[in-house]
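**Student:** Below you will find the structure I want to go over with you.
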Amino acid sequence: MTQILEITDLHKSFGNLEVLKGVSLDARAGDVVSLIGSSGSGKSTLLRCINMLEIPNQGDVTIDGEHVSLSSEGPDRHPTDPFQLRRIRSKLGMVFQSFNLWSHMTILENVMEAPILVQKRDKAEVREQALALLDKVGIAAKADAFPAQLSGGQQQRAAIARALCINPTLMLFDEPTSALDPELEVEVLGVIKMLADEGRTMILVTHDMKFAREVSDRVVFLHLGKIEEQGTVDEVFGATKSDRLRQFLSAAGHA
Amino acid sequence: MTQILEITDLHKSFGNLEVLKGVSLDARAGDVVSLIGSSGSGKSTLLRCINMLEIPNQGDVTIDGEHVSLSSEGPDRHPTDPFQLRRIRSKLGMVFQSFNLWSHMTILENVMEAPILVQKRDKAEVREQALALLDKVGIAAKADAFPAQLSGGQQQRAAIARALCINPTLMLFDEPTSALDPELEVEVLGVIKMLADEGRTMILVTHDMKFAREVSDRVVFLHLGKIEEQGTVDEVFGATKSDRLRQFLSAAGHA
Amino acid sequence: MELIQTIIAEIPLYAQPALFNIYFAAASLPIGFVFAVLLALGKNSKNALIRRLCSAYIYAFRGSPLFIQFFMFYSIMLALNPVWWRPWGIAWLMMNPLFIGPLALVMNTAAYSAEILYGALRTVPKGELEAARAFGMTPFQVFRTVTWPNTIRVAWPAYTNEVVFLFHSTALVYFTLPVINAQRDILNTAQNLFERDFNAFLHFSIAALWFLAITMVIFLVFGRVYERMMRHMPKERTTSRPRLRFGPKYIR
Amino acid sequence: QETLRIGTEGAYAPWNFVNDAGELAGFEIDLGNAICEHTGMTCEFVQSEWDPIIPNLVAGNYDVIMAGMSITDERLETINFTQDYFPPDPSNYIAATGAGIDIENPSGLRIGVQGNTIQAAYAEENFAADNTIVSFATFDQSIADLAAGNVDVVLADGSSLDPVVENSGGALEMFGPDVMVGGGVGGGVRKEDTELLATLDEALTALKADGTVDALIAEWFDGAGPFYTE
Amino acid sequence: MDGAFWLFDLVGEDIAFWLGYLTNGKHLNWYASFRFTIMAAIFGGCLALVFGLLGAAAKGSRFAVLRAIGTIYVSMVRGVPDVLFFLFFPLAFEQGVEWVWSMQVCTPDSIAADQANWPPCREANWLLSTYEYLILACVSLGIIFGAFTANVIHGAMRAVPRGQLEAARAYGMSEFQVLTRIHIRQMWVYALPGLSNVWLLLIKATSLLSLLQIADIVWWAGQLGSPNFLPQAGLVHGDWRWAYFIALFVFYILVTLLSEKGFSRLTVWARRGMPVEG
Ligand SMILES: Nc1ncnc2c1ncn2[C@@H]1O[C@H](COP(=O)(O)OP(=O)(O)OP(=O)(O)O)[C@@H](O)[C@H]1O
Ligand SMILES: Nc1ncnc2c1ncn2[C@@H]1O[C@H](COP(=O)(O)OP(=O)(O)OP(=O)(O)O)[C@@H](O)[C@H]1O
Ligand SMILES: [Mg+2]
Ligand SMILES: [Mg+2]
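Chains as they are written, first to last, in our numbering: chain A, 1 to 255; chain B, 1001 to 1255; chain C, 2001 to 2252; chain D, 3001 to 3230; chain E, 4001 to 4278.
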């Protein structure tokens, strides 16, 4: 299967704090990769490096065979080709922990904004797809509401629809349910499960081990900025090798 | 023993919501009475009616043999004799859930303020007592610190010292530990236990059944604005009569 | 070189006029502050009539230009002169710009400061108030122990800005009131000098410099006081601690 | 056709003022128009506050000041004047009727004047030591303050005070000696505008000769004069 | 007055007299002079918005020089009274223009011939009439209150939640698209309360127009209220200025009231759909 994502030896520092210390990771089409790890281990940072919301200080990211061109390594590193960056970003559907729906637009406008503005697609066609997606995530009735009028779970589902509408090659989820109450969490996890079953390629940061076990093809355990262990669900949860991971899993089990 | 507190047929409504529906309660010198009950049952309201932070719509409160004079019954009821009210209040030491220390005064100033201002006592004498009390609750070293520089547990202990310094006839505690972390809770419960052992008269609203069992002479279970059951610790916890209380206690045991 | 000499020669010309600006500010601030406290308490009162009256006063004086207030006050005082001030023998005081100026400024700053204090009054923690009441304090004692210290601390940064802008508005006094003998304030002096040689850049810049310098002194002093007031707040907690910033919300 | 821009105050009846119709009117407005007619120029009146009226002339906002301005040596240092179009006229004291003010030995008085006038200069020179001089921006204001009792005395042009006394219903009266200051009222022009000065002088001479000036004076100053014709 | 007899019959002598008085030419001039105030407020307000946006852009710029200019501009009005600026800007502007012009037209002879300190020669003199002063007043108001506006807008730009912008970037919007579609659009919501304040300040500052030799409502109020003793000049009356100034006082309060109403409407509109806090 085709390689969708390839990260090689990624380093990222904030000032003096080195958050990622050489991470390599890849995902093939249809893979669902869960990133787990304790708070502060660098999961969000890694995810944000994939679509260059954070620019890695060192290391490369290749998406769908296209290498993101960055200037020479160091803290001042920046993308050299803004057009390429935008093209690549528009293949990545990011779902944030705090939804980040644009609060001044209706749900439908939120979903249609990027396809029309960035991908320059036909408005009518986008609209059709947007409505279909909203229907799929179960909030078609809310198309003309504003984000603030929705519950957290509905907002997150809208955010997923927004990400889907750009027909992304790769979906990125950063703890998509941790801002939600347990009841609302269920709604959103249901949608993500559905996408996983459809065979979408996804990278998923989560704290919910049960859910990770359920949807992932591969699980990656990040610890202090490095990948401490990775493998299939069975390998990681069943035959844990690292002490750290065992410790982490036992703590997570309690919570 | 002398009757310190006597409440007869107390009613209190907020607008259309009747929170207390006829509560009668008394406490004799040296009694430690715990008020328990689920959230919203009216425990805080009852406590606040004792020192007239809320004025009951109906019913009487007698403290240390002195009947608090109120105007005719109804929603506009108010104290008719502000001097008497202040005199009675200065016999009641109230400890709030959220401490309510005066943030711009040092701990020592907090403790000394009411005795000097309200009871017109001699400054040097008050100071001596205040320092002794701060020592007693274990925060003598913090006398000159400001509240914001203290941990929650220390703040609550300071609040207890403040209440003690007016030599109250009756101490009122409204969930004094529920704003605290479990570790800090222990500190404060220790101090309250010490006071109970000293033989102080206290009314204590609490959610901590274990603690209630430990310190109380009598336990009062409030439900939907009425006293559903009351008696000694053994009667209430050992030989529970009401179904409601049994249900409440089993839920409390889980938490 | 010549320019520098001109500037240096010019600066002291404003020293005496500056005293007028300082006088106007110094005379009106304390009185205005006392009124402001009363107005703020009135606006916060339970009594509907008092509340309405105080709110209306504050609204009127914040909602209209000080420039017009000066004219209005002078003409009203003048209209009252034959019926009140002269018969009572206090005309010498009531009609003096050194009195009417501060009077108008007092009425004005009282409204602005009252709004600031009112906003601060509403942030007084209810729990602290209840604690004071629970100890049997009288309403006045509650005010002294809890309400006032909390209010003034919250209001201080905004009040500092109000002081600066009151000081700035003293520049309007001699644009509106008759001039007694040779009393002139900074701006008047600058204008006078300008009308002689048309050197706008020199005179107005020096006048601005004087205002700026005095403004800085005000900020320094009020900032010091604020530091002392806020001793009880840990320095890091910037959220609960309004920063003293040179960022006025209102001028007139 | 050349334009003559005339600067005036518009608050100094009967010399120049805004009437109830909202138009500039008064002796100097009529005179200005007469001059323009005589010289074949177009008149344009520009209103200016009194205080900066000379600076505004020098700055070029208008070409001639006709604002009841007396010819004085001090002013002659900055600008030129045409020949007078109103002869030297006494200034007078005005006060509340029966105030009993001893103007010969004044002390502790509040003396009102319009700022930057010859009367202001006179008061400054003679009374400043023992009295308070209150300067107003306009003549009207000084009278308003006098009527309200805020000043004890106003010193101003007799010609302007006449209608005030006449219409005050007996509340105000002129008293004391005439004060002779200034050298008549003339039009102020910039020093370098010698040509304009000559033109205006020539026009004034002609208008005086044919009685126009005297007729206007008689019309606006309640029958005063004639000054310039026999 | 002859034509107004029917009025006398209709409403009685007193009212008819006052109606006549309040509609005489002088009063009509007063009413007409409100146009200066309104124009100054509207054009001054628009300019303030323009200067404010420019100032905020400069202050938030990536270039240190622009940032410094922006910061100086924004803090400029803080230390010095607005009246001073209001007097100074028009003079400075006039003198600046005359100075540039004098380079073109002045000859050594004409400079020598000129007596005054300014302008260098007569030919370079720029005559200011009411409308030119009005334009200068608008520009001054724009500059002064533009500084306040810049401050408000700068703060509002920073108040827009970062997540909103990150989401836009994550979907591949260009920086310009992020700025126009999301950032500026949401900025208004946070800026409106501050802008409302600045607007009220600006309205109040329009009362200063008379300082620039503009016969505005304040000047006319003084004229109308001044005592008049000359029958030829119209109704003989005492000092009525207090009444006229109270009228202006009330006028400004009403304008403030209306403005606040308008702004709260605007806020509701701009916030539609957005979360309400506080
Ligand atoms: N913009 C930033 N500037 C400075 N430090 C940052 C920044 N973003 C993240 N960090 C730091 O980098 C470290 C890793 O952060 P990151 O958000 O990637 O952790 P995480 O694994 O996602 O944790 P969590 O589960 O709490 O979200 C943390 O110590 C964090 O404080
Ligand atoms: N000031 C008030 N105005 C209106 N309603 C009030 C007020 N104070 C309390 N209530 C209502 O009265 C009811 C009882 O409140 P109270 O605080 O006495 O309950 P409680 O038993 O102390 O509960 P908890 O354990 O949560 O503190 C609640 O429904 C509460 O919402
Ligand atoms: Mg994270
Ligand atoms: Mg409670």
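Backbone N, C-alpha and C define an ideal beta-carbon position, used for all residues, glycine too. Values in this document were obtained by computation on a predicted structure and should not be read as measured data.
1) Taking CB distances under 7 Å as the criterion, tell me whether LEU5/A reaches chain E.
2) First and last residue of the alpha helix (DSSP H) that includes LYS2046/C?
3) My output table needs one value for GLY4280/E: the three-state DSSP class, helix, strand or coil.
4) Under 9 Å, CB to CB, which of the residues in the stretch 2139-2163 of chain C have a partner in chain B?
5) Quick one, are the C-beta atoms of ASN299/A and ALA4170/E less than 7 Å apart?
6) Would the stretch 2116-2133 of chain C count as touching the stretch 1091-1110 of chain B if we require 3 or more Cβ pairs under 8 Å?
7) Give the range of the beta strand (DSSP E) segment to which ARG218/A is assigned.
8) What separation, rounded to the nearest whole angstrom, lies between the Cα atoms of ARG2237/C and VAL2154/C?
9) In chain E, what lies closer than 7 Å to HIS104/A by C-beta?
10) Can at least three beta-carbon pairs, one atom from the stretch 2206-2220 of chain C and one from the stretch 4081-4097 of chain E, be found at a separation below 8 Å?
11) Would you tell me roughly how many angstroms separate the C-alpha atoms of SER2055/C and MET3041/D, rounded to the nearest one?
12) Under a Cβ-count criterion, where at least 16 other Cβ atoms within 10 Å of its own Cβ denotes burial, should ALA255/A be classed as buried or exposed?
13) Run the proximity test for THR206/A: is its beta-carbon closer than 6 Å to any non-hydrogen atom belonging to ligand 1?
14) Is the CB-CB distance between ILE3035/D and GLY3188/D below 7 Å?
15) Determine the chain D residues that contact VAL4236/E at a beta-carbon separation under 7 Å, and present them in chain order.
16) Assign PHE4034/E to one of two classes, buried (16 or more other C-beta atoms within 10 Å of its C-beta) or exposed (fewer than that).
17) Would you check if the distance between the CB atom of ASP174/A and the CB atom of LEU47/A is smaller than 7 Å?
18) Which parts of the stretch 3109-3164 of chain D are runs of the alpha helix (DSSP H), unbroken and 4 residues or longer, counting only runs that do not cross its ends?
19) So what does TYR3093/D bridge to, in DSSP terms?
20) Using Cβ-Cβ distances below 7 Å, what residues of the stretch 2074-2093 of chain C are close to chain D?
21) Going along the stretch 4133-4145 of chain E in order, which residues come within less than 9 Å of chain D, judged by CB to CB distance?
22) Any heavy atom of ligand 2 closer than 6 Å to the CB of PHE1096/B?
23) From the beta carbon of VAL118/A, is the nearest beta carbon of chain E less than 7 Å away?
24) Any idea what DSSP makes of LEU2177/C, helix, strand or coil?
25) Determine the chain C residues that contact GLU1113/B at a beta-carbon separation under 7 Å, and present them in chain order.
26) Using the rule of at least 16 other Cβ atoms within 10 Å of the residue's Cβ for burial, across every protein chain shown, is GLU66/A buried or exposed?
27) For a cutoff of 7 Å on Cβ pairs, would you count ASN336/A as touching chain E?
28) DSSP has CYS3043/D in a bridge; who is on the other side?
29) Between SER3290/D and chain C, is any beta-carbon pair separated by less than 7 Å?
30) From the DSSP output, in three-state form, read off ASP4002/E for me.
31) Tell me the DSSP secondary structure of TYR3012/D in three-state form.
32) Got a sec: does ligand 6 put a non-hydrogen atom nearer than 6 Å to the Cβ of SER13/A?
33) Quick check: the stretch 4248-4259 of chain E against the stretch 2056-2066 of chain C, are there 3 or more CB pairs under 8 Å?
34) DSSP three-state call for MET171/A: helix, strand or coil?
35) On the CB-based measure, 16 or more other CB atoms within 10 Å of its CB, does GLY1040/B come out buried or exposed?
36) Could you pull out every residue in the same chain whose Cβ sits closer than 6 Å to the Cβ of GLY2203/C, ignoring the five residues on either side in sequence?
**Tutor:** With the structure as the only source:
1) no
2) Premise fails: LYS2046/C is in no alpha helix (DSSP H) and is neither H nor E.
3) In this structure chain E extends from 4001 to 4278, so residue 4280/E is not present and cannot be described.
4) Residues passing the 9 Å Cβ filter: PRO2139, GLN2141, ARG2144, THR2145, VAL2146, PRO2149, ASN2150, ARG2153.
5) The structure shown does not extend to residue 299/A, since chain A is modelled only from 1 through 255, so no value can be given for it.
6) Yes: the two stretches touch, three or more of their Cβ pairs being nearer than 8 Å.
7) First-last of the beta strand (DSSP E) with ARG218/A: 218-223.
8) Because the pLDDT of ARG2237/C is 45, which lies under 50, any placement of that residue in the model is unreliable, and the number read from its coordinates should be weighed accordingly. If you take the alpha carbons of ARG2237/C and VAL2154/C, they lie about 14 Å apart.
9) ARG4185, GLN4186, GLY4273, MET4274
10) With the cut-off at 8 Å, the stretch 2206-2220 of chain C and the stretch 4081-4097 of chain E touch.
11) 59 Å
12) Summary for ALA255/A: the model assigns pLDDT 45, below 50, so the residue's position carries little reliability; its value from the coordinates is reported in the next sentence. By the 10 Å Cβ count, ALA255/A comes out exposed.
13) no
14) Taking 7 Å as the cut-off, the Cβ atoms of ILE3035/D and GLY3188/D do not count as close.
15) ASN3167
16) exposed
17) yes
18) 3118-3127, 3139-3147
19) LEU3155/D, PHE3175/D
20) LEU2078, ALA2079, ASN2081, PRO2082, ARG2086, ALA2091
21) Those would be none; no residue qualifies.
22) no
23) Chain E, which has a Cβ nearer than 7 Å to the Cβ of VAL118/A, makes this yes.
24) coil
25) THR2145
26) exposed
27) Absent from the structure is residue 336/A, since the part of chain A shown begins at 1 and ends at 255.
28) LEU3004/D
29) Here chain D has residues from 3001 to 3230 only, and residue 3290/D is not among them.
30) Unreliable positioning characterises ASP4002/E in this predicted model, as indicated by a pLDDT of 49, which lies under 50. The coordinate reading is nonetheless provided below. In this structure, ASP4002/E counts as helix in the three-state DSSP scheme.
31) TYR3012/D: strand per DSSP, three-state reduction.
32) You won't find ligand 6 in this model; what it holds is ligand 1, ligand 2, ligand 3 and ligand 4.
33) yes
34) Three-state DSSP puts MET171/A in a strand.
35) exposed
36) First, the residue type needs correcting, since residue 2203/C is His and not Gly in the sequence shown. Taken in chain order, the residues that qualify are ALA2190, LEU2193, PHE2194.
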